[in-house]
Amino acid sequence: MSEREVLELLRENARYSTEDIARMTDLEESEVEAVVEELESTGVVRGYRAVVDWDRLEDEKVRAEVELNVELDRETNYGDVAERLARFPQVKALRLVSGDYDFDMEVEGDSIREVSMFVSEKVAPVPEITQTVTHYVMTSYKEGGIELGDGDEDDRLSYTP
Amino acid sequence: MTFELADRVQAVPPSGIRRFFEIAEERDEVISLGVGEPDFSTPWAARDAAIASLEQGKTSYTANRGRADLRESIADYVADRFDLGYDPDEEIIVTAGASEAVDLAFRAFVDPGDTVAIAQPSYVSYEPGVVFAGGEPLPVPTHEEDDFRLTVDALEDAGAADADALVFCYPNNPTGAIMTRADLEPVAEFAREHDLLVFADEIYAELTYDGEHTSIATLPGMRERTVVFNGFSKAHAMTGLRLGYALGPADAIGAMNKIHQYTMLSAPTTAQYAALEALDSCANDVREMVDQYDRRRRFVLSRFREIGMDVFEARGAFYCFPEVPEGFTAEEFAEELLREQGVAVVPGDVFGEGGAGHLRISYATGLSELREALARIEAFVDDHEGPE
Chain A
927 MSEREVLELL RENARYSTED IARMTDLEES EVEAVVEELE STGVVRGYRA VVDWDRLEDE
987 KVRAEVELNV ELDRETNYGD VAERLARFPQ VKALRLVSGD YDFDMEVEGD SIREVSMFVS
1047 EKVAPVPEIT QTVTHYVMTS YKEGGIELGD GDEDDRLSYT P
Chain B
3 MTFELADRVQ AVPPSGIRRF FEIAEERDEV ISLGVGEPDF STPWAARDAA IASLEQGKTS
63 YTANRGRADL RESIADYVAD RFDLGYDPDE EIIVTAGASE AVDLAFRAFV DPGDTVAIAQ
123 PSYVSYEPGV VFAGGEPLPV PTHEEDDFRL TVDALEDAGA ADADALVFCY PNNPTGAIMT
183 RADLEPVAEF AREHDLLVFA DEIYAELTYD GEHTSIATLP GMRERTVVFN GFSKAHAMTG
243 LRLGYALGPA DAIGAMNKIH QYTMLSAPTT AQYAALEALD SCANDVREMV DQYDRRRRFV
303 LSRFREIGMD VFEARGAFYC FPEVPEGFTA EEFAEELLRE QGVAVVPGDV FGEGGAGHLR
363 ISYATGLSEL REALARIEAF VDDHEGPE
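Respectively, the protein sequence lines represent chains A and B. Count along the first sequence from 1, add 926, and you get the number used in the working numbering. Count along the second sequence from 1, add 2, and you get the number used in the working numbering.
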């Protein structure tokens, strides 16, 4: 139970200090540390990173969602294709999905040209891949569960009964 | 020509927090721990239902007692969550906030000169409500050594045996105290023995941590003498929609409805559609908000202990109730804290006897604001700490 609670808090904000998490869960700091260590060592928690609103930076990144269709043979499975694609640093997320296409791939680059070249020169030539459809991200409204708008001002009165 | 105020209006002093509000308005960047309402928005499904009802032009009065389907949903909900059985046709009335339900009950059952015992510290409107109804409030102070629970000793000490009615709110605003079934049983016995009507404000019932809420109306012999108040403001984050309800025996609810139909007529229609949807599909939203409050509660309690301020182990609502350090009254502490550090808290005196020397701290605000506010309180306490 405490593992789940700590995990939820880390997902809410990975920068919560051990001290904060301990206070919120009534655990000792050493217990929180042990839970986090366990979550990390067993691979449940794979890493921590910032949720970025690229639109607020001048040198914004170009991102694309790429749909991939694959055709497998007897010697190749989805995992083999995924392993090959996931190694490219441009690929930020890769998921096998149900529906009209097989893989949903998130690609990031410095320019539209860079992303296009990556898809056409590195991804499309993979023998099992039969089709790629690239969707460039125009605006992000929510990332990692966090809304990227300015947020609602707290317009409550300072004192209410 | 000047308006001459009615005696019962003159008898009620202005709200104790008004002066603080004016100071807070003058300052920039006040972090407010003085709010008695959720910082979450009303769940989207409920908002959508309200919007859809407007788009469909559903803006007429409803039945005086509230929409029949909403009363049915309320009956199902209170049966499921709190083991309360009420007939939606005759034993439930939907009101403009739980506050209206409280006012209706006082006006329906309090005659001039009747005494209403009020467990204090308490929500600020009970005492004025009794006075507006022509009755006489009888404060029943509760104490930290009893975990701010209402006890028979407290009732006897205050002379509540001679009262006509008793009102209390658990989980409690402002202390965060709760009453378990075992705590309620002697109070119920006292009410039966002395033939007291009981008004049980259970608006914070969902916000009970480490256990289940028990309604006094579920205890033997209590249903027939109790009116229960509840609503959507707190657990469903719908304060501004103004929707509450009362549960009670048919004749009691009928009497309240008589006043309601001549004054409010019916609760806001748009809000009733929102409430119907809230009960139908927002249980998960409620649970998520309650989980968040619980984490903040633990955080705030832990920080107060670290700061060195004695703090009551609040187990309900979204308030905690620390003691002010020696050398301050609660009012002085709250005012100086607001002026020096820009943190708004409410002095416990505002909530009546038993609240003196304490502060009401609302943790219905985000963790980063809470962290900052507690750091400022710590700095304030350190600055004013006398020599060892």
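Where is the CB? At the ideal position from N, CA and C, for every residue including glycine.
Once DSSP output is grouped into helix, strand and coil, what is the label at residue i?
| i | result |
| --- | --- |
| Leu303 (chain B) | helix |
| Asp979 (chain A) | coil |
| Gln343 (chain B) | helix |
| Phe382 (chain B) | helix |
| Gly1075 (chain A) | coil |
| Ala366 (chain B) | coil |
| Gln1016 (chain A) | coil |
| Asn259 (chain B) | helix |
| Leu86 (chain B) | coil |
| Arg227 (chain B) | helix |
| Pro123 (chain B) | coil |
| Arg67 (chain B) | coil |
| Pro139 (chain B) | strand |
| Gly36 (chain B) | strand |
| Phe1029 (chain A) | strand |
| Pro324 (chain B) | strand |
| Tyr942 (chain A) | coil |
| Asn286 (chain B) | helix |
| Val112 (chain B) | coil |
| Pro130 (chain B) | helix |
Taking C-alpha atoms, which residue in the options lies nearest to residue i?
| i | options | result |
| --- | --- | --- |
| Ala103 (chain B) | B:Phe353, B:Ala13, B:Ser268, B:Arg49 | B:Ser268 |
| Tyr321 (chain B) | B:Phe23, B:Ser34, B:Gly161 | B:Ser34 |
| Ala193 (chain B) | B:Gly356, B:Glu208, B:Gly223 | B:Gly223 |
| Ser55 (chain B) | B:Gly310, B:Glu92, B:Thr271, B:Glu308 | B:Thr271 |
| Val1063 (chain A) | A:Asp979, A:Asp1028, A:Gly1005 | A:Asp979 |
| Leu997 (chain A) | A:Glu1032, A:Ile1055, A:Ser1037, A:Ala1012 | Correcting the residue identity first, residue 997 (chain A) is Glu in this sequence and not Leu. When each option's Cα is compared against that of Glu997 (chain A), the closest is A:Ile1055. |
| Ile379 (chain B) | B:Glu315, B:Gly310, B:Ser43, B:Phe111 | B:Gly310 |
| Asp166 (chain B) | B:Leu249, B:Ile95, B:Phe201 | B:Phe201 |
| Arg10 (chain B) | B:Glu92, B:Asp71, B:Val37, B:Gly131 | B:Gly131 |
| Thr968 (chain A) | A:Pro1053, A:Leu933, A:Thr951 | A:Leu933 |
| Gly87 (chain B) | B:His196, B:Val230, B:Glu387 | B:Val230 |
| His215 (chain B) | B:Met266, B:Ser304, B:Leu186 | B:Leu186 |
| Leu72 (chain B) | B:Glu338, B:Gln274, B:Glu129 | B:Gln274 |
| Pro1053 (chain A) | A:Glu1001, A:Asn939, A:Met1031, A:Leu965 | A:Glu1001 |
| Glu279 (chain B) | B:Ala52, B:Asp197, B:Ser304, B:Asp89 | B:Ala52 |
| Leu965 (chain A) | A:Val1017, A:Lys1018, A:Ala940, A:Pro1087 | A:Ala940 |
| Ser304 (chain B) | A:Ala1050, A:Glu938, A:Thr944, A:Arg949 | A:Arg949 |
| Asn66 (chain B) | B:Glu92, B:Glu28, B:Asp41, B:Ser101 | B:Glu92 |
| Glu984 (chain A) | A:Lys1018, A:Ser1037, A:Ala976, A:Asp1026 | A:Ser1037 |
| Asp385 (chain B) | B:Thr367, B:Glu338, B:Ile363 | B:Glu338 |
| Ala163 (chain B) | B:Asp197, B:Arg29, B:Pro173 | B:Asp197 |
Would you call the CB atoms of residue i and residue j closer than 7 Å?
| i | j | result |
| --- | --- | --- |
| Val345 (chain B) | Ala336 (chain B) | no |
| Met258 (chain B) | Leu106 (chain B) | yes |
| Ala121 (chain B) | Thr153 (chain B) | no |
| Asp351 (chain B) | Ala332 (chain B) | yes |
| Ala1012 (chain A) | Leu1020 (chain A) | yes |
| Gly1 (chain B) | Gly99 (chain B) | Chain B is shown only over 3 to 390; residue 1 (chain B) falls outside these bounds and no answer can be derived. |
| Ile255 (chain B) | Ile76 (chain B) | no |
| Thr1058 (chain A) | Val1041 (chain A) | no |
| Ser217 (chain B) | Phe111 (chain B) | no |
| Gly1070 (chain A) | Val977 (chain A) | yes |
| Gly38 (chain B) | Pro1015 (chain A) | no |
Output needed for residue i: all residues of its chain with C-beta closer than 6 Å, excluding positions within five of it in sequence on either side, in chain order.
| i | result |
| --- | --- |
| Lys236 (chain B) | Ile205, Tyr206 |
| Asp312 (chain B) | Glu325 |
| Leu457 (chain B) | The structure shown does not extend to residue 457 (chain B), since chain B is modelled only from 3 through 390, so no value can be given for it. |
Within the same chain, show all residues whose beta-carbon is closer than 7 Å to that of residue i, passing over the 5 residues directly before and after it, in chain order.
| i | result |
| --- | --- |
| Arg298 (chain B) | Tyr365, Leu369, Leu372 |
| Thr288 (chain B) | The amino acid at residue 288 (chain B) is misidentified as Thr; the sequence shows Val. Here the set comprises Glu208, Ala237, His238. |
| Gln294 (chain B) | none |
| Glu31 (chain B) | Gly344 |
| Asp999 (chain A) | none |
Round the Cβ separation of residue i and residue j to the nearest angstrom and send it over; I've been treating them as touching at under 8 Å.
| i | j | result |
| --- | --- | --- |
| Gly1075 (chain A) | Tyr1067 (chain A) | 7 Å |
| Gly137 (chain B) | Thr117 (chain B) | 7 Å |
| Ala47 (chain B) | Cys284 (chain B) | 6 Å |
| Val326 (chain B) | Leu361 (chain B) | 6 Å |
| Gly178 (chain B) | Ala316 (chain B) | 2 Å |
| Phe353 (chain B) | Val126 (chain B) | 6 Å |
| Leu1130 (chain A) | Val971 (chain A) | Because chain A here runs from 927 to 1087, residue 1130 (chain A) falls outside it and cannot be looked at. |
| Thr210 (chain B) | Ala219 (chain B) | At roughly 16 Å, the Cβ-Cβ gap does not stay under 8 Å, so Thr210 (chain B) and Ala219 (chain B) are not in contact. |
| Phe170 (chain B) | Asp212 (chain B) | Not quite, the Cβ-Cβ distance comes to about 20 Å (not below 8 Å), so this is no contact. |
| Asp113 (chain B) | Thr367 (chain B) | Actually they do not touch by this definition, with Cβ atoms about 42 Å apart. |
Please work out which residues of its chain come closer than 8 Å, Cβ to Cβ, to residue i, disregarding the five sequence neighbours upstream and downstream, and give them in chain order.
| i | result |
| --- | --- |
| Pro188 (chain B) | Thr153, Val154 |
| Thr951 (chain A) | Ser928, Glu931, Val932, Leu935, Val958 |
| Met266 (chain B) | Thr97, Ala98, Glu102 |
| Glu1096 (chain A) | Coverage of chain A is limited to positions 927 through 1087, which leaves residue 1096 (chain A) absent and any answer about it impossible. |
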